[in-house]
Each structure stands twice: as structure tokens, then as C-alpha cells.
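The structure under discussion appears below in the form of C-alpha cells.
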Amino acid sequence: MTAEAGRVNIEDPAALLGYLRDQALIAPGEAPRFRNLAGGVSNRTALVQRDAGDDWVLKQALAKLRVEVDWFSAPERIQREAAGLRWLGEIIPGHVPQFVFADEKQHILGMSAVPQPHQNWKTALLAGKTSVDQARAFGRLLATIHSAGVRIPELSEEFADRRFFEELRLEPYYSYAGSQVAQARSFMAQLIEDTRDRRLALTHGDYSPKNVLIAGGKLILLDFEVIHFGDPAFDIGFSFAHFLAKAYYLPRARRALLEMARAYWRAYVQSLTPQLRAPVAERAPRHSLACLLARMAGRSPLEYLDQRQRSELTGVALDLMNREPKDMPDLIQQYEARLGQACE
């Protein structure tokens with residue numbers, strides 16, 4: 545055990561082995577191999593490789609996130625992720641890991657490990673590996689998640705609590721970025737207020753290439769601690785910001801990445817339940833620009849951009865906020881034109 549309120553540290557192999565045995569999650573004589581996994585800021589994450597069963601990934605929520613600027617969130621959110629994992633296993637079967645166990649006291653979630661070989665989609669995109677088919681699949685999966693909130697009445701009550709969305713998205717992304725960039729303060733404040741008023745659909749809250757593994761040609765979604773019933777346009781904005789930022793960062797792949805963004809949006813709209821199309825389309829451009837700015841000036845800036853690049857993209861985002869693109873195709877077109885000017 546660690547000194548952290550008597551909680552086991554799953555990144556300590558000896559402590560993790562003792563925990564798994566004490567909880568009878570493995571046989572007394574079983575000796576799995578452990579490997580800590582990198583990439584997340586809000587959880588400890590460990591791979592458990594077993595000789596006598598399926599491999600697992602364990603996540604343990606942290607109260608203080610691993611970023612330069614102080615950022616806190618209640619570790620009880622791991623129970624929200626467990627609920628999201630269970631539900632999405634029914635909504636998009638085969639596209640999420642299988643739930644194994646959840647420990648409320650230790651804030652640990654166990655799930656099946658995605659078999660090798662697989663590749664993280666963000667890593668592939670940063671290497672310039674683009675695929676319109678993968679973008680379309682990404683859009684269809686999100687539309688299925690959003691549409692489920694209309695189709696399954698229980699979801700609105702199950703995911704009604706939005707405190708983790710406040711702690712992990714609205715405050716550190718929108719509110720904090722607005723406090724750092726004076727020109728965007730009123731834009732962000734109004735969007736926060738509008739977003740709090742929307743309870744339209746099941747919303748992932750962390751829908752990005754970083755949280756997607758490509759395995760056997762299929763997209764596997766990860767990370768559901770921010771899932772809630774709210775404004776589905778946020779998911780579009782959050783994910784679009786990644787396509788937009790990478791299109792700036794990778795000039796040689798810019799055209800292909802923006803075509804992926806177009807294909808993603810078209811596939812999403814075509815697969816979305818009709819009653820959500822208008823409200824999402826109306827708000828998606830604002831969320832996209834807000835999320836882009838937040839990844840420059842929020843509590844979790846994109847690590848692959850340096851300060852000069854973040855400053856330049858901040859200027860692009862502010863300019864487009866003033867121009868108010870009428871829809872997502874218009875946003876992409878204006879963004880592409882603005883990048884051409886900025887990079888001349």
C-alpha cells in the first residue's frame with residue numbers, strides 16, 4: 545500500500561500483485577507480468593499479462609492530474625467510466641474493451657486488453673498515416689452513441705450527473721482558456737452557459753484519436769470517465785480540434801487530414817438520428833473553435849506543438865470565432881484558407 549489514503553498504487557508491481565491476490569482476481573500461485581502504460585494524465589494505467597487467462601488493462605483514477613498547471617478531479621469518476629464501458633459494450637459491441645471489474649474503494653477499473661497487433665490512432669495520424677475509411681467509421685460510431693440517448697430512455701438518468709464534465713472539460717478547457725485569452729473570454733463564457741443548458745444525448749466527452757486503437761482494421765474506443773448526458777456537439781468539437789491541429793502541424797498531410805475531417809462529418813450526419821442533426825450542426829462550429837483554442841491555452845495544451853505554433857493557432861482560432869462559420873464544411877474551408885495565409 546502507498547501513503548495515499550491507504551490506496552494501492554497499481555504502478556508498483558509488488559503492490560499490484562498483492563492487490564490482485566488479496567481480491568482473489570487471480571489464482572494464489574499465478575504470477576502475471578506487469579507493464580505501466582504511458583499516455584494518460586488522469587489515471588495510473590497498467591497492463592496485466594496473464595499466462596492462464598486474458599490480459600487486462602487496469603486504470604486507477606488520480607485526484608490530481610499529471611499536467612503542469614494544477615488540475616483536480618474526484619477519483620470517484622472511475623465509477624462513471626465503468627458505467628460507460630458497460631453501456632457502450634451494448635451500444636457499439638466489439639468497439640470497446642470488455643468490462644472485467646471495478647473497485648470503488650481503490651478507484652480501479654479492470655477491462656480486457658486489446659490484443660496485439662494494434663496501433664494508437666493519434667500516433668498513426670502524427671506519422672502522416674491518413675485514412676478516409678477510418679474517419680468515416682469514427683463518425684458512424686459517434687453517431688451511434690449519440691443516437692442511443694434518444695433510443696434508450698434510461699441513459700438520460702444513468703448519466704445525468706455532469707460534475708466530471710465540469711471538472712475535466714468545461715473548467716480546464718473552456719473556462720481556463722477564456723481566462724488566458726482575453727479576446728475569447730465572452731465567447732467561451734457564452735458557450736459554457738449554452739452547453740450547461742443542453743441535455744440532448746449521451747455524450748462521450750473525450751472523443752479523440754488519442755483514445756482510439758486500430759486493431760484488425762476496426763476502431764476500438766477507450767476512456768469514458770467524462771461520459772454524460774448533455775450536448776453532443778461537444779464531441780464533434782473535441783474531436784475536430786484534433787484533425788484541425790494536426791492539419792496545421794503536418795503541412796504535407798494537410799489536405800488529406802482535412803479531407804478526413806470532411807468525411808468524418810458527413811458520415812456522422814448521415815448516421816445520426818434525424819432529430820439531433822439540426823441542434824448538433826448549429827453548435828458544432830463553435831465547439832470546434834473553442835476546443836481548438838483550449839488545446840492551445842487550456843490546462844492540457846497539445847504536447848506536439850511548441851509555444852510559437854500554439855500562439856499562431858490561437859490567432860487562427862480567434863479570427864474564425866469572429867468570422868462565425870455557418871456550418872462545419874464552411875469552417876473547414878475557412879480554416880484551410882486561413883492556414884494558407886498564416887503559413888505563407
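Quick note, in our numbering, the sequence shown goes up one by one and the last residue is 888. Idealized CB from N, CA, C, for every residue including glycine.
Nearest candidate by alpha-carbon position, reference residue i, set the options
i, options, result
"A861", "R742, L816, Q623, Q727", "Q727"
"D874", "Q851, A582, S832", "S832"
"A825", "M840, W809, A838, A834", "W809"
"A668", "P572, F616, L609, L757", "L757"
"L857", "M872, A681, E880, Q819", "E880"
"M804", "L788, V813, S815, L816", "L788"
"I570", "Y717, G550, N587, G597", "G597"
"I636", "N866, A692, W665, R799", "A692"
"R852", "Y793, T674, L686, I696", "Y793"
"A865", "G722, T739, Y848, L765", "What sits at residue 865 in the sequence shown is Met, not Ala. Minimum Cα distance to M865 is reached at G722."
"E701", "L632, L846, L746", "L746"
"Q917", "M732, V640, K649, D595", "What the structure shows of the chain is the stretch from 545 to 888, and residue 917 is not part of that stretch, so it cannot be assessed."
"Y751", "R798, W665, Q604", "W665"
"G550", "N580, P641, H651", "H651"
Buried or exposed by the 16-neighbour rule on C-beta atoms within 10 Å, applied to residue i
i, result
"P576", "buried"
"D647", "buried"
"N755", "buried"
"V585", "exposed"
"A681", "buried"
"E888", "With a pLDDT of only 49 at E888, under 50, the local geometry of the prediction cannot be trusted, and no value is derived from it."
"E698", "exposed"
"R839", "buried"
"E711", "buried"
"D741", "exposed"
"A618", "exposed"
"Q604", "buried"
"L695", "According to the sequence as given, residue 695 is Arg; it is not Leu. Its Cβ having fewer than 16 others within 10 Å, R695 is exposed."
Distance CB(residue i)-CB(residue j) smaller than 8 Å
i, j, result
"E625", "L602", "no"
"Q734", "A841", "no"
"R706", "G638", "no"
"R621", "F708", "yes"
"P753", "R843", "no"
"A791", "L802", "yes"
"R796", "G672", "yes"
"V496", "R806", "The requested residue 496 is not part of the displayed model; the chain covers only 545 to 888."
"H662", "A759", "yes"
"E846", "D779", "In the sequence under discussion, the amino acid at residue 846 is Leu, which differs from the Glu named in the question. Their beta carbons are not under 8 Å apart, which means L846 does not touch D779 by this criterion."
For residue i, the residue or residues it bridges with in DSSP
i, result
"G654", "L602, F645"
"R577", "Q593"
"I771", "In DSSP, I771 forms no bridge with anything."
"T817", "Bridge partners of T817: none, in fact."
"L915", "The first residue shown for the chain is 545 and the last is 888, placing residue 915 beyond what the model contains."
"N587", "A605"
"I876", "In DSSP, I876 forms no bridge with anything."
"Q663", "I758"
Cut-off 7 Å between Cβ atoms - residues of its own chain near residue i, not counting five sequence neighbours on either side
i, result
"V644", "W600, G654, M655, S656"
"R713", "G749, V770"
"E634", "none"
"P829", "P869, D871, M872, L875"
"R867", "Q878"
"L837", "A721, V725, A728, T858, A861"
"E555", "N580, R588, A590"
Close beta carbons around residue i, own chain, < 8 Å, minus the five adjacent residues each side
i, result
"P572", "R565"
"D863", "R882"
"F578", "P557, L560, L561, A590, L591, V592, Q593"
"L670", "K790, Y793, L794, Y848"
"F616", "A607, K608, L609, E711"
Spatial neighbours of residue i in its chain, beta-carbon cut-off 6 Å, leaving aside the 5 residues before and after
i, result
"C835", "G781, F782, A785"
"F768", "E625, G628, L629"
"R684", "A811, S815"
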